[in-house]
Structures are given as structure tokens and as C-alpha cells.
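Student:
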Amino acid sequence: MTKLFKFCEAGLNFTFKISGSFDVIGRENIPPNVSLISVSNHLSIIDPALCAAAVSKEPRFLAKKELFKFPINIFLKFYGAFPLNRGKVDLAAFQWGKSQLSTNNKSVLIFPEGTRSKDHIIKRGYNGATLLAIDTNSILLPLGIYGTETITNYLQFLFPKKRVTVNIGKPFKIMNLPEKKNKKTYDSITLEIMERISDLLPDNYKSKRVRKSEKDFIYTKTIG
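Here our numbering is used: the first residue of the sequence shown is 102, the next is one more, and so on.
Structure representation (C-alpha cells):
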């Protein structure tokens, strides 16, 4: 792991230990010694750092290119971020994700919603994580984060207004793919990914649409 990540992880864990306001549930679900794609809902600017600290693998994540301005761009690059052009297919970001997953014990963190939820309710996801997982045959690790929606700047995490929780679900893989795949196929897989994330959240963070259970999933299967 990079020295900066170790320092930041230790700082975050110490801060929340002192304040008693940070919980991580399900660390036993993290597969050891393998790289994987972590997928999470998104509520706050602090989410990437908290998810990285919870999973405790060397983090890699995509951040909107607008954030890569001096001086924060220096921190982002050292912490493992790569600029993403939102709103269009970004082949450079996709290739970068593939390269990170080819090395051992890293976590490529993706927020499928593509942006923070303004009302803290989980939204539909984009297909980026789905396509990357299929292309690399990677394990996916679902994360449900809640309590960070009141953190609107980096200083507020020192004294969060709500208890912050990262709930780590069981890892899964994409399986049973048809020979001919199309956008409808990818949309269905992404919906299953979002359902798995939603299952890790309290009811008031979930959307009102009907949710599937594990037995109803067609394209994703829990492993381990």
C-alpha cells in the first residue's frame, strides 16, 4: 500500500474511533489477496476515503475530472484517483481500471450512480462497473454507506452529525451471460448490482421500487 493511503487510513480510523461515530460491518466478507471492484452508493465527498478505509485494500477510484485542479489534484493522484469524463464513454478510464485490476490486492472503487444522491435515496446505476467486471472477470464487493449525507466538506467528518456506517456485503460475480449481449443485458446486470447495494442500506435509503431477492437474480451470484 502507498504510504499516503496508510497515513490517511490510520487518520480516519483514529478520528472516528475517538468520536465513536464510524462503524464497519461485514469485513469478514472481503476476499483476501485478490483485486476486486468495490461498488457503493454515493452520498458525500468523504465516501471514497471511508470506503477505502473500510475495505483496507490499496484503493483506486475514478473521480470527476473537474476535481483535478491544483492543489487537490496532487492529493487525488497520490491517493489513487484517476480523472473521469462523466456523461460519455471514457475509454482511458476503462483501460486504467483494467490495468489496476491486473495487479494484486487492489480495490477499484466505483459509484455506479455516477454522482452523489441529493436526497440520500439510492438511484439507478450506469453500466461502467458491469462492463469492467465482465471484461476482467472480476469479483464485485457491494458496499452500503449511510450517515455521510450531512458531511459536505472535508472538515465536517471530524464531528459528523450522524453515525457513519459502511456495510460490506458478500462478494459476487457476474455469471450466466448470454452469447449475444446488448444494452438490455447490461442494464439488467447493473440493476442486480444496485439491488445488492440497496440490500445493505436502511429502509429510508432505499428506493420504493420493488426489490429482488437473491433467488431472483439471473446474472449475479454470491461467491465464498
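Yeah, the Cβ is synthetic: ideal placement off N, Cα and C, and Gly gets one too.
Using only the alpha-carbon positions, how far apart do M276 and P172 sit?
Tutor: For the purposes of this step, residue 276 is taken as residue 175 along the sequence shown, with counting starting at 1. For the purposes of this step, residue 172 is taken as residue 71 along the sequence shown, with counting starting at 1. Taking the straight line from one Cα to the other gives about 42 Å.
Student: For E296, does the count of other Cβ atoms within 10 angstroms reach 16, so buried, or fall short, so exposed?
Tutor: The count along the sequence shown starts at 1 and reaches residue 296 at position 195. Buried, because 16 or more other Cβ atoms sit within 10 Å of the Cβ of E296.
Student: Are the CB atoms of A155 and V125 nearer to each other than 9 Å?
Tutor: Walking along the sequence shown from the start, residue 155 turns up at place 54. Walking along the sequence shown from the start, residue 125 turns up at place 24. When the beta-carbon positions are compared, A155 and V125 come within less than 9 Å of each other.
Student: Rounded to the nearest angstrom, what separates K284 and Y227 at their Cα positions?
Tutor: Counting from 1 along the sequence shown, the entry for residue 284 is found at position 183. Counting from 1 along the sequence shown, the entry for residue 227 is found at position 126. Looking at the two C-alpha atoms, the distance is approximately 11 Å.
Student: Can you tell me whether F318 is buried or exposed, with buried defined as 16 or more other CB within 10 angstroms of its CB?
Tutor: In the sequence shown, the residue the question calls residue 318 occupies position 217. Its Cβ being crowded by 16 or more others within 10 Å, F318 is buried.
Student: Please list, in chain order, all residues of the same chain as T286 whose beta carbon is under 7 Å from its beta carbon, the five residues on each side excluded.
Tutor: Here the question's residue 286 lines up with position 185 in the sequence shown. For T286, where only same-chain residues beyond five positions count, the Cβ hits under 7 Å are P279.
Student: Measure from the alpha carbon of Y306 to the alpha carbon of each residue in I223, P133, D148 and N238, then state which is nearest.
Tutor: Here residue 306 refers to the residue found at position 205 when the sequence shown is read from its first residue. The shortest C-alpha separation from Y306 is found at I223.
Student: Measure how close the beta-carbons of S145 and L244 come, nearest whole angstrom, since I'm counting them as under 8 Å.
Tutor: Position 44 of the sequence shown, counted from the first residue, corresponds to residue 145. Position 143 of the sequence shown, counted from the first residue, corresponds to residue 244. About 13 Å; that fails the 8 Å criterion.
Student: Which residue wins for smallest C-alpha separation from T321, given the options L168, W197, P272 and F179?
Tutor: The count along the sequence shown starts at 1 and reaches residue 321 at position 220. Closest option to T321, Cα to Cα, is P272.
Student: In the DSSP assignment, find the alpha helix (DSSP H) that holds F82 and state where it starts and stops.
Tutor: Within the shown structure, residues of the chain are numbered from 102 to 325, placing residue 82 beyond reach of any answer.
Student: Give the range of the beta strand (DSSP E) segment to which V156 is assigned.
Tutor: Here residue 156 is taken as the residue at index 55 of the sequence shown, counted from 1. First-last for V156: D148 to V156, but that is the alpha helix (DSSP H), not the beta strand (DSSP E).
Student: For D341, which three-state DSSP category applies?
Tutor: Absent from the model: residue 341. The displayed extent of the chain is 102 to 325, so no value can be given.
Student: With 16 as the cutoff for other CB atoms within 10 Å, does K316 come out buried or exposed?
Tutor: Residue 316 sits at position 215 when you count from the first residue of the sequence shown. That one is exposed.
Student: Starting from the C-beta of L242, find all residues in its chain whose C-beta is less than 6 Å away, skip the five residues before and the five after it, and write them out in chain order.
Tutor: In the sequence shown, the residue the question calls residue 242 occupies position 141. Closer than 6 Å at Cβ, skipping near neighbours: L137, S139 and P272.
Student: Name the DSSP beta bridge partners of P172, please?
Tutor: Indexing the sequence shown from 1 puts residue 172 at position 71. In DSSP, P172 forms no bridge with anything.
Student: List in chain order: all unbroken alpha helix (DSSP H) runs of 4+ residues lying wholly within the region 204-291.
Tutor: 229-237
Student: Based on the DSSP output, what are the partners of P160 in its beta bridges?
Tutor: Position 59 of the sequence shown, counting from 1, holds the residue named residue 160. Its beta-bridge partners are S208.
Student: Helix, strand or coil for K322? Go by DSSP, reduced to three states.
Tutor: Indexing the sequence shown from 1 puts residue 322 at position 221. DSSP places K322 in strand when its eight states are reduced to three.
Student: Excluding the five sequence neighbours on either side, which residues of its own chain have a C-beta within less than 6 Å of the C-beta of T251, listed in chain order?
Tutor: Mapped onto the sequence shown, residue 251 falls at position 150. Counting only Cβ-Cβ distances below 6 Å, and skipping sequence neighbours, we find K262 and K263.
Student: By the DSSP assignment, the beta strand (DSSP E) with P184 in it spans what residues?
Tutor: Residue mapping note: residue 184 aligns to position 83 of the sequence shown, counting from 1. Membership of P184 in the beta strand (DSSP E) is indicated by the continuous run A182 to L185.
Student: Hey, I246 and V265: beta-carbon distance below 9 Å or not?
Tutor: For this step, residue 246 is matched to residue 145 along the sequence shown. For this step, residue 265 is matched to residue 164 along the sequence shown. Their beta carbons are under 9 Å apart, which means I246 touches V265 by this criterion.
Student: In three-state terms, what does DSSP make of K165?
Tutor: For the purposes of this step, residue 165 is identified with residue 64 of the sequence shown, where counting begins at 1. In the structure shown, K165 falls within a strand segment according to DSSP collapsed to helix, strand and coil.
Student: Mapping the DSSP letters down to three states, classify I138 as helix, strand or coil.
Tutor: Looking up residue 138 in the sequence shown gives position 37. I138 falls in the strand class under three-state DSSP.
Student: Thinking C-alpha only, which one of L163, N205 and R161 is nearest P133?
Tutor: As a working mapping, residue 133 is identified with position 32 in the sequence shown. Looking at the Cα atoms, N205 is the closest of the given residues.
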